[in-house]
Structure formats: structure tokens, C-alpha cells
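Protein chains in written order, with our numbering: chain C, 1 to 240; chain P, 241 to 689.
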């Protein structure tokens, strides 16, 4: 889910190149179709199908997952890179936009992952990979609304991994730092910015290694370790 | 994910890092012309050296294609590839070399987009045999200035096609490209190198090699003078057969990076002389033959990421011209003498014989000899040198390559390019108001500021 753009596009390509069978979920059928053809040309096993899924409309999730199940013969992994993003100033003054973002990034994604976990557990296991963010590790005055949606999701993924691992379902929470994609276009580029391809390689490696959490680029693990330990008084004083 | 609406100003520059213009760069994942009337300049990976992909107006709109990089289809029986304009040759190589396919024409870097390969009608070491990139393009989809989606090719909207191949992105935004890849038996190259003691030997070596080798090129020591003028190394190659490659594993590309600007002393005359001596000494005039990776053969400089930083903050001016075969070796010798006299202006020149010109109006290559060199940017002195070289090129019926150019005068370019009036006429039909406009098109092609 989210394979048409940014990190999702790069992750899907890595999976296609190693010969995985893929099925795409998303909102724009024309865009999904373009990405499906791209992934087929890059080596995906068999035709790449797609179905409608909007993270803001959880009612449609069972239908979309059924379609994926049918097309893949047996769905064994879900990767969710899709989500909404907006600058803090846009969210702070526009309640409707904020509600849509919280609904998609938290409620929608949690519902999707939970339903999928049940499906996978019922047939003996599988993998769920979804995207939190370093923005969820510690609130920033400039990004706490988006960060909160990702912090909530990360907490859910953390618990999901604990709860379902015994039933064969592994859950990976990816926490990207700043990555140069269409999502972050126009934002000032901070140090340690990553590229989608490098992030995708790291994510796919972490999927194979059975990890429950991965920072990408990797340096963000160290950065966030420090930032999480900063005393609140420091955060108040510096423009963080 | 919802893209943001605001676009911060960025410093936009070419690979030579001169000139620099602030611009608003859009990098859409679905490439298209933004709504409105504002002039824009199309851009790929920014490997053009000069001002070809820079906005003329400070803060002007730049549409970068690099995120529009999806493959639409690939026919494994014929090698026909339909892709979005932002797909890079590096990505094509990564995906298709293991399957036995190679770009039909490649410039000296793989970090170029397919759209830019069309817009610059790039050429490579196989020009003497295969011609330039446009020859392998079957279809282009353009978003033209009037908002129409237009397909063109050798058999459809041929005028627009001839104006778009080599047209520097100024006839419309190239959205997707259909081209033919060529089959290869292995990812390895057979490379032969031989020292050439003089310019005549080099030209003769290129001529003799052309008959039997699909890829040829020469590197010339620009500091050598007198009888040694034009000495250098001749390189010729071909894709290795399965038998030659044997059980060798596929080559892996390595990359190092230049993380900061080079110090001024790095390219000083003594260093360059030493570098060239070393280079000549390492080769001698003996013929050497070995197997190398296609990265080593085609893209030696790509192994050093951001190597342009070695030229320091002022950047470099690259100069590339082609002189017609009929003019003989004399003008090449004149150019090399000028360079040597100018003192360490350049330490290495690339020389290559070109085959027949294409029918694209602004396509650079023509039957003859092309010379390409890097000139550290020393401001007015370097610009004067380029105008001086241009005078020789004009006098002998040659031309310069827009993808490398940052300083050529409009009147000089008009004298070099006989197809320019026809190209303008096609452009008048498709983009009368010059919606597609670059710093270069204002400087050298007569677009309004």
C-alpha cells in the first residue's frame, strides 16, 4: 500500500527485482496501473494487480485485502508506506486537514494492520511492515501533529509484534528520517537526509532479518537516541 | 502522501557549477507541465555542464524529471523499452544488463535521464558506427506549450521529432520515450589501449580502428607541444562474447565521493604535467588488451561521485566542438596549440571521430572529429579562450555542443548551426511564446529574456 510514490515505489522495486509476487493497493487506479507495469518490467513474478484502498475509508479494507488474497493466491506480507503529510502550519489552522491526516496515518493504518495480522495469523503467519517516523520518537514544536500520528502508529506496531509473533506474524516498524521524496519536496533539507533507494534497501534487508524496528538512514538511530534523552528544559530553549 | 505546495528557492547549476541561478525546482512523480503561463526549463540529472537546464529568470521554474522514472513496458524479444523521461541510463544498466541488454548509445556518464539523452541527442564512443541517441528513438510523448499531449517519432509529427531530438527540451516537455536497447552477450568489455605519439597517429589510429571496433575514443595530453602535440592514448572496445567473459561474475560498480571542493593547487600546471607524464608513462606505445567492466570502459569518471568539485568553487567550463572531416587535421592542431599556449588550461582532452550527422536540426555530431576538454573556470580569461576557440571552429565549418556550453555567443552559434532557422520555424509553430525557455536559450538561441 503506497507503492506508487517515494519510498514505497523504491521498496516495491526491490521486492520486484528479487522476484516477489506483488499486488498494489491505493487510491489512484491510473497511477497504480503505471506502477504495476513498472514492477512487472523490473522482474515481479507474474502480473501485478491492483485494487482500491483509501486509508481514510476503513470500510473498504476487507474488500481490498480479499482482492489481494485472490490475486496472490496467498497473501503473506503487507507493506504500508502510504500516509498523509502536511506542514505543521497547514495542520494547525485547518482542523479538517488535521482530522484527515490523523485518521489515515493512525486510525486507518492501525485498522489495516490489525485486520491483516488476524488474516496472516489464521493461516500460520506472515509479515507486516509499516512506516512510523523519527518525528514520532520525540515531539517537536514544528512537527508534533504529524509526529503524533506516527508515534501512535509506532506504539501499535510495537504491540502488534509482541502479540502476534507467537502466531507467526512478524511486524516491522520503519522509522525514516528526512528522505528526499515528493512528500518532503519544498522543505529545507536537513543534514543526514536520505535517498529513497538507500532507505528501501535497508527496509528490505530488515524485513528479511526479522527485526521489529529499523531506522533509515541508519544514522537516525543514534540521532534519535540522543534526542530522546535531551531534557525538556533543553527542548524548550532550543528551536527544536 | 500529499505533496507540498510551497517550493523553496534552490541554487540551480550545471555539472560545471558555472553559472549558478536561483530557481524553484519541481520534482513531480508524475511528470507534467504545471498549470499557468510561467516559463519553465526542463531538467534531468543536471549533467549538462553549462546553463542548458538553468532558468533564465532568477527564481524561475525548473521541472526536474528524475522522479518520473517508471518503465512502461519492455519487450524482451526486441529490446523495445518504453519508459518515462526521468529514467536514468544508470537504472537501465542496473536492470537490463543482467538480462543481456545495453543502451544503444551512451555518453560518458550514466547519470543522465533518457529524456536528456533525447534533448541533447547524446553521442558516445560508437558514433562512427551507430550515430547519436535519436536514431534509436521510436516514439516520444510531449506536453507542448498549448497543453496538448503530442506523440512524435520518425514516422509521426516528423518535424516536431526532428526539432525535439537535440532540441534541448525547448519544444515541449518530454514525458516518455520509446527506444530500442541492443543485445549484449556479457556485461564485460574487451578493451584495447595503445599510446599514440602524435596527433596524426591518433587520427589515423581512430580511423583504422573505426572499421573493426564499435567503440573508439582517444585521450589527448593537452600539455604536450611541438612534435608531441596531440599525443595520447587510443582506446577501442567491444562487448565481450560469452566465451571471452567465461565464468567471470558480473562486475560490481564501486563509487567514492568527493565530499568537498578541491583546493586551488590541485589543478595547477605542475600537478597536471606530472599527472600527464604519469599517464603517458603508464601506457607507453605498446598495445594492451584486457577485459574491463562496462563501468570502467564507459564511465571512468562516474566512479568518483561529484568529481566536478575537484575544480573548486569556481567550477569548470567544458568545451566540446566537432570539425568536419573535410577540414582535415589542421584545425584540431590549431585548437590544441591554442590550449597548450594558454598554459594548463586543460590537461586532458577527449578526441573521437564522428559518423554522419543525423537529420535533427540542432543535433551536435557531424562527420568529422570531435574534441572535448575541461577548462578550470578562471573567469574572463577562460571565456576569452572559448571565444577564440569558437572563431577557429566557425572558420572551419564546425560547431559546439550545447550540452557542454556556458559562454558561446548567439552570433557564433548561428554561424555554426545551419539548421537553426528551420528549428526556430518549428518552434514558432509549437511554442510561439517560448514557454520552454532556459538561461542557455536566452543566451544563445535568441529567446526573449
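Just so it is clear, CB atoms sit at the ideal spot from N, CA and C, and this is done for glycine as well. These numbers were taken from a predicted model, which means no experiment stands behind them.
Own chain partners of residue i with C-beta closer than 6 Å, once the 5 adjacent residues on each side are dropped
i: residue 406(P); result: 361, 600, 602, 603
i: residue 483(P); result: none
i: residue 244(C); result: The question about residue 244(C) has no answer, for chain C in this structure spans 1 to 240.
i: residue 304(P); result: 265, 267, 283
i: residue 533(P); result: 491
i: residue 586(P); result: 462, 579, 613, 614, 615
Same chain only: Cβ atoms within 7 Å of residue i, ignoring 5 sequence neighbours per side
i: residue 383(P); result: 272, 273, 389, 412, 413, 415
i: residue 444(P); result: none
i: residue 569(P); result: 439, 440, 443
i: residue 574(P); result: 632
i: residue 151(C); result: 136
i: residue 686(P); result: 650
Backbone secondary structure at residue i - three-state DSSP
i: residue 150(C); result: helix
i: residue 397(P); result: coil
i: residue 473(P); result: strand
i: residue 682(P); result: helix
i: residue 622(P); result: helix
i: residue 323(P); result: strand
i: residue 449(P); result: helix
i: residue 422(P); result: strand
i: residue 561(P); result: strand
i: residue 304(P); result: strand
i: residue 479(P); result: strand
i: residue 20(C); result: coil
i: residue 94(C); result: coil
i: residue 455(P); result: strand
i: residue 51(C); result: strand
i: residue 656(P); result: helix
i: residue 289(P); result: coil
i: residue 126(C); result: strand
i: residue 312(P); result: strand
Residue i CB to nearest heavy atom of the ligand NAD below 7 Å
i: residue 338(P); result: In the structure shown, the ligand NAD is absent, as is every other ligand, since no ligand is present at all.
Between the CA atoms of residue j and residue i - distance to the nearest angstrom
i: residue 194(C); j: residue 180(C); result: 6 Å
i: residue 681(P); j: residue 392(P); result: 22 Å
i: residue 166(C); j: residue 207(C); result: 17 Å
i: residue 352(P); j: residue 197(C); result: 17 Å
i: residue 633(P); j: residue 375(P); result: 26 Å
i: residue 5(C); j: residue 555(P); result: 34 Å
i: residue 278(P); j: residue 676(P); result: 9 Å
i: residue 146(C); j: residue 62(C); result: 26 Å
i: residue 572(P); j: residue 563(P); result: 8 Å
i: residue 630(P); j: residue 327(P); result: 34 Å
i: residue 658(P); j: residue 545(P); result: 37 Å
i: residue 216(C); j: residue 174(C); result: 7 Å
i: residue 33(C); j: residue 607(P); result: 44 Å
i: residue 156(C); j: residue 199(C); result: 22 Å
i: residue 108(C); j: residue 489(P); result: 46 Å
i: residue 3(C); j: residue 290(P); result: 36 Å
i: residue 91(C); j: residue 654(P); result: 54 Å
i: residue 481(P); j: residue 142(C); result: 58 Å
i: residue 325(P); j: residue 286(P); result: 14 Å
i: residue 665(P); j: residue 689(P); result: 19 Å
i: residue 120(C); j: residue 365(P); result: 54 Å
Contacts of residue i in chain C (Cβ-Cβ under 7 Å)
i: residue 248(P); result: 186, 188
i: residue 269(P); result: 5, 182
i: residue 335(P); result: 42
i: residue 307(P); result: 182
Beta-carbon neighbours of residue i, restricted to chain P and to distances below 9 Å
i: residue 34(C); result: 270, 310, 312, 324
i: residue 31(C); result: 269, 270
Contact set between residue i and chain P, taken where Cβ atoms lie within less than 8 Å
i: residue 94(C); result: Simply none; closest approach about 12 Å.
Residue i: contacting residues in chain C (beta-carbon distance under 8 Å)
i: residue 549(P); result: Within chain C, no residue comes near residue 549(P); the closest Cβ sits about 18 Å away, beyond 8 Å.
Same chain, Cβ closer than 8 Å to residue i, five either side skipped, listed in chain order
i: residue 425(P); result: 340, 479, 480, 481, 482, 485
Output needed in chain order: residues of the segment 311-324 of chain P with a Cβ under 7 Å from some Cβ in chain C. Taking 7 Å as the cut-off between beta carbons, the residues of the segment 311-324 of chain P near chain C are 311, 312, 313, 314, in sequence order.
If you measure beta-carbon to beta-carbon, which residues of the segment 37-59 of chain C are closer than 7 Å to chain P? Interface annotation for the segment 37-59 of chain C against chain P: 37, 38, 41, 42, criterion Cβ-Cβ distance under 7 Å.
For the segment 147-176 of chain C, enumerate the residues whose C-beta is nearer than 9 Å to any C-beta of chain P, in chain order. For the segment 147-176 of chain C, no residue has a beta-carbon sitting nearer than 9 Å to a beta-carbon of chain P.
Can you list, in chain order, the residues of the segment 64-78 of chain C whose Cβ is nearer than 9 Å to any Cβ on chain P? The residues in question: there are none.
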